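Protein chains in written order, with this note's numbering: chain Z, 1 to 397; chain X, 1 to 397. Data first, discussion second: the structure below is written as structure tokens.
2 protein chains.
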Amino acid sequence: MRKFKSLVPYDEALEKVLEYVPPPGTKTILLEDAMDVVIAGDIYAPVDSPPFDRSAMDGYAVVAEDTYLVAEDSPVTLTLIDSINAGEVSRHKVSSGTTINIMTGAKMPDGASAVVMQEFAARHEDLVDICKKVAPNTHISNRGEDYCKDDLVLKEGATITPQAMALLKSLGFRNIEAKVLRVGIIVTGDELLQEHREGDLGKIIDSNSIMLKGLLQKARCTISYHALVPDKSDEISKAVSDASIVSDFVLITGGSSFGEKDLVSGMLCNYIFHGVGIKPGKPIGFAMMGVPVFSLSGYPVAAFTQFYLFVIPFIEKAFGSKLLTTVTLPFGDAIASSLGRREFVRCIVRENSVLPVRLSGSSMLSSVTKADGFVLTDSFSEGINSGDDVAFTYFFR
Amino acid sequence: MRKFKSLVPYDEALEKVLEYVPPPGTKTILLEDAMDVVIAGDIYAPVDSPPFDRSAMDGYAVVAEDTYLVAEDSPVTLTLIDSINAGEVSRHKVSSGTTINIMTGAKMPDGASAVVMQEFAARHEDLVDICKKVAPNTHISNRGEDYCKDDLVLKEGATITPQAMALLKSLGFRNIEAKVLRVGIIVTGDELLQEHREGDLGKIIDSNSIMLKGLLQKARCTISYHALVPDKSDEISKAVSDASIVSDFVLITGGSSFGEKDLVSGMLCNYIFHGVGIKPGKPIGFAMMGVPVFSLSGYPVAAFTQFYLFVIPFIEKAFGSKLLTTVTLPFGDAIASSLGRREFVRCIVRENSVLPVRLSGSSMLSSVTKADGFVLTDSFSEGINSGDDVAFTYFFR
Numbered sequence: 001m002r003k004f005k006s007l008v009p010y011d012e013a014l015e016k017v018l019e020y021v022p023p024p025g026t027k028t029i030l031l032e033d034a035m036d037v038v039i040a041g042d043i044y045a046p047v048d049s050p051p052f053d054r055s056a057m058d059g060y061a062v063v064a065e066d067t068y069l070v071a072e073d074s075p076v077t078l079t080l081i082d083s084i085n086a087g088e089v090s091r092h093k094v095s096s097g098t099t100i101n102i103m104t105g106a107k108m109p110d111g112a113s114a115v116v117m118q119e120f121a122a123r124h125e126d127l128v129d130i131c132k133k134v135a136p137n138t139h140i141s142n143r144g145e146d147y148c149k150d151d152l153v154l155k156e157g158a159t160i161t162p163q164a165m166a167l168l169k170s171l172g173f174r175n176i177e178a179k180v181l182r183v184g185i186i187v188t189g190d191e192l193l194q195e196h197r198e199g200d201l202g203k204i205i206d207s208n209s210i211m212l213k214g215l216l217q218k219a220r221c222t223i224s225y226h227a228l229v230p231d232k233s234d235e236i237s238k239a240v241s242d243a244s245i246v247s248d249f250v251l252i253t254g255g256s257s258f259g260e261k262d263l264v265s266g267m268l269c270n271y272i273f274h275g276v277g278i279k280p281g282k283p284i285g286f287a288m289m290g291v292p293v294f295s296l297s298g299y300p301v302a303a304f305t306q307f308y309l310f311v312i313p314f315i316e317k318a319f320g321s322k323l324l325t326t327v328t329l330p331f332g333d334a335i336a337s338s339l340g341r342r343e344f345v346r347c348i349v350r351e352n353s354v355l356p357v358r359l360s361g362s363s364m365l366s367s368v369t370k371a372d373g374f375v376l377t378d379s380f381s382e383g384i385n386s387g388d389d390v391a392f393t394y395f396f397r
Numbered sequence: 001m002r003k004f005k006s007l008v009p010y011d012e013a014l015e016k017v018l019e020y021v022p023p024p025g026t027k028t029i030l031l032e033d034a035m036d037v038v039i040a041g042d043i044y045a046p047v048d049s050p051p052f053d054r055s056a057m058d059g060y061a062v063v064a065e066d067t068y069l070v071a072e073d074s075p076v077t078l079t080l081i082d083s084i085n086a087g088e089v090s091r092h093k094v095s096s097g098t099t100i101n102i103m104t105g106a107k108m109p110d111g112a113s114a115v116v117m118q119e120f121a122a123r124h125e126d127l128v129d130i131c132k133k134v135a136p137n138t139h140i141s142n143r144g145e146d147y148c149k150d151d152l153v154l155k156e157g158a159t160i161t162p163q164a165m166a167l168l169k170s171l172g173f174r175n176i177e178a179k180v181l182r183v184g185i186i187v188t189g190d191e192l193l194q195e196h197r198e199g200d201l202g203k204i205i206d207s208n209s210i211m212l213k214g215l216l217q218k219a220r221c222t223i224s225y226h227a228l229v230p231d232k233s234d235e236i237s238k239a240v241s242d243a244s245i246v247s248d249f250v251l252i253t254g255g256s257s258f259g260e261k262d263l264v265s266g267m268l269c270n271y272i273f274h275g276v277g278i279k280p281g282k283p284i285g286f287a288m289m290g291v292p293v294f295s296l297s298g299y300p301v302a303a304f305t306q307f308y309l310f311v312i313p314f315i316e317k318a319f320g321s322k323l324l325t326t327v328t329l330p331f332g333d334a335i336a337s338s339l340g341r342r343e344f345v346r347c348i349v350r351e352n353s354v355l356p357v358r359l360s361g362s363s364m365l366s367s368v369t370k371a372d373g374f375v376l377t378d379s380f381s382e383g384i385n386s387g388d389d390v391a392f393t394y395f396f397r
């Protein structure tokens, strides 16, 4: 019976994985449906934004020089020639001695070079007393102030946020080109049920499928294939083959060790590595079977760990996009860890300090549902001391 | 013409807003569709998880005491009476002198009290040499180790993550009760177009609708009403009335100042406050019109600011759920701010240091699309110094 002869160091294994990152496909998506998608190329402004000089205040559009004679208790009086609201355009031109009443957002009338806020003006029928000096361009939101035509608006790999949607909408975009990564999921195990059935003693409900679908959704991927397959090598082979046709990469859970029934290990003959110095999640394997295939553990927490430590960096490189957030914070406790192995320490953040979630069983789902994120121990240290600065990475939320 | 007589301090205004938080509704949602929803009540485990004692390793199920005589170069030999895979249950009972070959995840056979890893055993047909002493319970994943029946699994207000989905699935849940907040959006402004049309000089595309929909989606809310309404007081009134019937609260953008055309200000006669000491976003108003109504600015960045400073805390209280992540980090630059006003400083995080996004126009969407989150200045300080610790809040991403 085989064993893991030697465990590959995490950094080395991750480097291998990143060598096999596939180029993502692309797809046109309606802007309205584009939340969280990764953009496929740099986006440039097709027009100036704002598209014209606008008043930034409710007030009076003037020739700035007209106000230079304003003194305390001595306003300058201008003749009111028009009033415009936002959305309206005046047919009149402001010249020295005249003014147009203008609302916030309205296009600046020709000839005007500044806006006097209404608080500093007093209207008497067709005359307006201006009580404040203004320099040219005061209270004007200039054409192109946000973006000029051909300015870079969003970089390839950026993800679409609510504010990016607003920006793209204001620039007239209706669609965007999104990067697409299609992922196949194969869950193996004779012990797995899709739903609980009475009398199925010795079996458990498959929770890896829903977890991996959720993680891939959070990682902006598309599920292209999913199958729950029994521990039969021909069925697993067929599933891998089917999945690889429609997927950019494949995740298989279960059977990744070297037990008698670990058929996945036996079948993935082209392992690039198998067995990595991490805990939990040691038996991870990675192979090229037409497309990259990650052989993950059947234990949900081990599969979750392997997903965060290998699959997310792989997706991030494919998308050219940072999906996770890491900050350096002080560790508020002390933990021991084993030399030569990197531990995925599930942690919470309390009062700006990182605390490990202490639970008896590291294989327990409660350890990841109770945590905010993780810290990865160094392989050359025997633990983390209280007060040490650690790189804490938030889980998707 | 009216002005803001005095600005309400932010903390005071926020306190008022939080007094009017409505109780959310609830809805049953399929677990598969429940990502990101907020759970409506505490969830308890209906069964033990795992549901039975399982082997945590591939190996041999033994009576632990049988191994106590193992010495170096002197294994103990047991009789193999069965082999079971995950998902199978042995009909045999392990008694002293016998063992069952067991795979990871398989139910522990009756009588066995520990598992010896296969690495420490050698099989010769029906006999197995055991080369390692094991204490009772070694390599057994115990029934109820993750959760015992009636243990609290998830608290009311928790949001469903991929790992929470896995946990609920493994416990046999098919549905969950989710909290629902229905929000009406009314966007006002004669200058607004839904899409760009040639020749509409003086008009701009409405970007608030898509932004607010996106923000509300990120905040786990349901859009119950949406209308783009011209600056006509009867139409605005009707929209507010229609929206309030189907919504738990309403957001209106535009017309929140005191200009001649600021009809929203004039109409919301029941203002609880109007005008707050924040920048941008000063003209925010809040009223009860059957349901709570937020009167937000027409400028997208001001509306965005008001959403983060008022609407999100309001939603968080309604859901009993923390939606945003705040960490304390050093400020890597120096900025000035005005006394008596709290500034929404858009920032990025670089090398664990918070840096302000420096842009000329604070009303520009680029200032929020380029930022990772924000810092809110104190009203009693004149700025932030380099090296000061600041509370940095991530935008949704």
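Every residue gets a Cβ at the ideal spot worked out from N, C-alpha and C, and that includes glycine. Just so it is clear, the structure is predicted and the values come from calculations on it, not from any experiment.
Distance, Gly25 (chain X) Cα to Leu215 (chain Z) Cα: Within the first sequence, numbered from 1, the residue matching residue 215 (chain Z) stands at position 215. Within the second sequence, numbered from 1, the residue matching residue 25 (chain X) stands at position 25. Cα-Cα distance, rounded: 28 Å.
Beta carbon proximity, Gly199 (chain Z) to chain X, threshold 8 Å: By 1-based counting over the first sequence, the position of residue 199 (chain Z) is 199. Not closer than 8 Å to any Cβ of chain X, the Cβ of Gly199 (chain Z) fails to qualify, so no.
Separation of Ala318 (chain X) from Val183 (chain X), as counted between CA atoms: As a first step, residue 183 (chain X) is located in the second sequence; it is residue number 183 there, counting from the start. As a first step, residue 318 (chain X) is located in the second sequence; it is residue number 318 there, counting from the start. Distance between the alpha carbons of Val183 (chain X) and Ala318 (chain X): 12 Å.
Option in Z:Ala114, Z:Lys133 and Z:Thr99 with minimal Cα separation from Arg123 (chain Z): Stepping through the first sequence from its first residue, residue 123 (chain Z) is reached at position 123. Cα-wise, what sits closest to Arg123 (chain Z) is Z:Thr99.
Residues that Asn352 (chain Z) contacts on chain X, provided the C-beta gap is smaller than 7 Å: Taking the first sequence and counting its residues from 1, the one referred to as residue 352 (chain Z) is at position 352. The contacting residues are Val327 and Thr328.
Reference Asn385 (chain X); option with closest CA among X:Asp372, X:Leu181, X:Ser55 and X:Val354: Start at 1 with the first residue of the second sequence, and residue 385 (chain X) comes out as number 385. Nearest option by C-alpha distance: X:Val354.
The segment 165-173 of chain Z touching the segment 201-211 of chain X, judged by at least three CB pairs closer than 8 Å: yes
Neighbour flag for Arg220 (chain X) against chain Z, beta carbons, 8 Å: Here residue 220 (chain X) refers to the residue found at position 220 when the second sequence is read from its first residue. No, Arg220 (chain X) lies away from the interface with chain Z (no Cβ there is under 8 Å from its Cβ).
Against chain X: residues of the segment 172-197 of chain Z by CB proximity under 7 Å: Gly172, Gly189, Asp190, Glu191 and His196
Separation of Thr67 (chain X) from Gly97 (chain X), as counted between CA atoms: Here residue 97 (chain X) refers to the residue found at position 97 of the second sequence. Here residue 67 (chain X) refers to the residue found at position 67 of the second sequence. Cα-Cα distance, rounded: 10 Å.
Cut-off 7 Å between Cβ atoms - residues of its own chain near Ile272 (chain X), not counting five sequence neighbours on either side: Within the second sequence, numbered from 1, the residue matching residue 272 (chain X) stands at position 272. If we look at Ile272 (chain X) and ignore the five residues flanking it on each side, its Cβ neighbours are Lys16, Phe286, Ala287 and Met288.
As assigned by DSSP and simplified to three states, the class of Asn101 (chain X): By 1-based counting over the second sequence, the position of residue 101 (chain X) is 101. If DSSP states are grouped into helix, strand and coil, Asn101 (chain X) belongs with the strands.
Secondary structure of Ala243 (chain Z), DSSP reduced to three states: Translated into the one-based positions of the first sequence, residue 243 (chain Z) becomes position 243. If DSSP states are grouped into helix, strand and coil, Ala243 (chain Z) belongs with the helices.
Under 8 Å from the C-beta of Arg397 (chain X): neighbouring residues of chain Z: Along the second sequence, one-based indexing puts residue 397 (chain X) at 397. Neighbours of Arg397 (chain X) on chain Z, chain order: Thr159, Thr161 and Thr325.
Beta-carbon contacts of Ala40 (chain X) that lie in its chain and below 7 Å, excluding the five residues immediately before and after: If you number the second sequence from 1, residue 40 (chain X) lands on position 40. Thr26, Glu156, Glu177, Ala178 and Lys179.
Interface flag, Val390 (chain X) vs chain Z, CB-CB below 8 Å: On the second sequence, residue 390 (chain X) is found 390 positions in, with the first residue counted as 1. Val390 (chain X) does not count as touching chain Z.
Continuous beta strand (DSSP E) stretch holding Leu296 (chain X): start and end: Numbered from 1 along the second sequence, position 296 holds the residue referred to as residue 296 (chain X). Unbroken beta strand (DSSP E) run through Leu296 (chain X): Val291 to Leu296.
Ordered list of beta strand (DSSP E) runs contained in the segment 187-216 of chain X, each at least 3 residues: none
Assigned secondary structure, Ile405 (chain Z) (DSSP; H/G/I helix, E/B strand, else coil): Residue 405 (chain Z) is absent from the structure shown; chain Z starts at 1 and stops at 397.
Interfacial residues, the segment 293-313 of chain Z to chain X, with Cβ spacing under 7 Å: Gly298, Pro300 and Phe304
Heavy atom of the ligand NAP within 7 Å of Met165 (chain Z) beta-carbon: The ligand NAP is not among the ligands present in this structure, which contains no ligands whatsoever.
Proximal chain X residues relative to Thr51 (chain Z), where beta-carbon distance stays under 7 Å: The residue you call residue 51 (chain Z) lines up with position 51 of the first sequence. Note that residue 51 (chain Z) corresponds to Pro in the displayed sequence, not to Thr. Here the neighbours are Ile204.
Any chain Z beta carbon closer than 8 Å to Asp146 (chain X): Locating residue 146 (chain X) in the second sequence gives position 146, where the first residue counts as 1. Taking Cβ atoms only, chain Z reaches closer than 8 Å to Asp146 (chain X), which makes this a yes.
When Z:Phe331, Z:His196 and Z:Leu78 are compared against Asp389 (chain Z), the one with the closest alpha-carbon: If you number the first sequence from 1, residue 389 (chain Z) lands on position 389. Out of Z:Phe331, Z:His196 and Z:Leu78, Z:Phe331 has the C-alpha closest to the C-alpha of Asp389 (chain Z).
Between the CA atoms of Val345 (chain X) and Val301 (chain X) - distance to the nearest angstrom: Locating residue 301 (chain X) in the second sequence gives position 301, where the first residue counts as 1. Locating residue 345 (chain X) in the second sequence gives position 345, where the first residue counts as 1. Computed Cα separation, rounded: 12 Å.
Burial state of Asp150 (chain Z), where buried means 16 or more other Cβ atoms lie within 10 Å: In the first sequence, counting from the first residue as 1, residue 150 (chain Z) sits at position 150. Counting Cβ neighbours within 10 Å, Asp150 (chain Z) comes out exposed, since fewer than 16 surround it.
Cβ pair count under 8 Å reaching 3, the segment 223-230 of chain Z against the segment 187-197 of chain X: no
Residues that DSSP places opposite Arg123 (chain X) in a beta bridge: In the second sequence, the residue the question calls residue 123 (chain X) occupies position 123. Bridge partners of Arg123 (chain X): X:Val128.
Own chain residues within Cβ distance below 7 Å of Ile29 (chain X), not counting five before or after: If you number the second sequence from 1, residue 29 (chain X) lands on position 29. Excluding residues within five positions, the ones whose Cβ falls inside 7 Å are Val37, Asn175, Ile176 and Ala178.
Continuous alpha helix (DSSP H) stretch holding Thr328 (chain X): start and end: Along the second sequence, one-based indexing puts residue 328 (chain X) at 328. Thr328 (chain X) -> not in any alpha helix (DSSP H); beta strand (DSSP E) instead, spanning Thr326 to Pro330.
Environment of Cys148 (chain X) [buried if 16+ CB atoms lie within 10 Å]: The residue you call residue 148 (chain X) lines up with position 148 of the second sequence. By the 10 Å Cβ count, Cys148 (chain X) comes out exposed.
DSSP three-state assignment for Phe344 (chain Z), whether helix, strand or coil: The residue labelled residue 344 (chain Z) in the question sits at position 344 within the first sequence. DSSP places Phe344 (chain Z) in strand when its eight states are reduced to three.
Close-in-space but distant-in-sequence residues of the same chain around Ser381 (chain X) (CB under 8 Å, 5 per side omitted): Residue mapping note: residue 381 (chain X) aligns to position 381 of the second sequence, counting from 1. Hits under 8 Å: Ser337 and Leu339.
Residues that Val368 (chain X) contacts on chain Z, provided the C-beta gap is smaller than 7 Å: Against the second sequence, residue 368 (chain X) aligns to sequence position 368. Ordered by position in chain Z, the residues that pass the 7 Å Cβ test against Val368 (chain X) are Gln163.
With 16 other Cβ atoms within 10 Å as the buried cut-off, status of Asp58 (chain X): For the purposes of this step, residue 58 (chain X) is identified with residue 58 of the second sequence, where counting begins at 1. Looking at its Cβ environment, which holds 16 or more other Cβ atoms inside 10 Å, Asp58 (chain X) is buried.
Proximity test, Cβ basis, 8 Å: Tyr394 (chain Z) and chain X: For the purposes of this step, residue 394 (chain Z) is taken as the residue at position 394 of the first sequence. With 8 Å as the cut-off, Tyr394 (chain Z) counts as an interface residue toward chain X.
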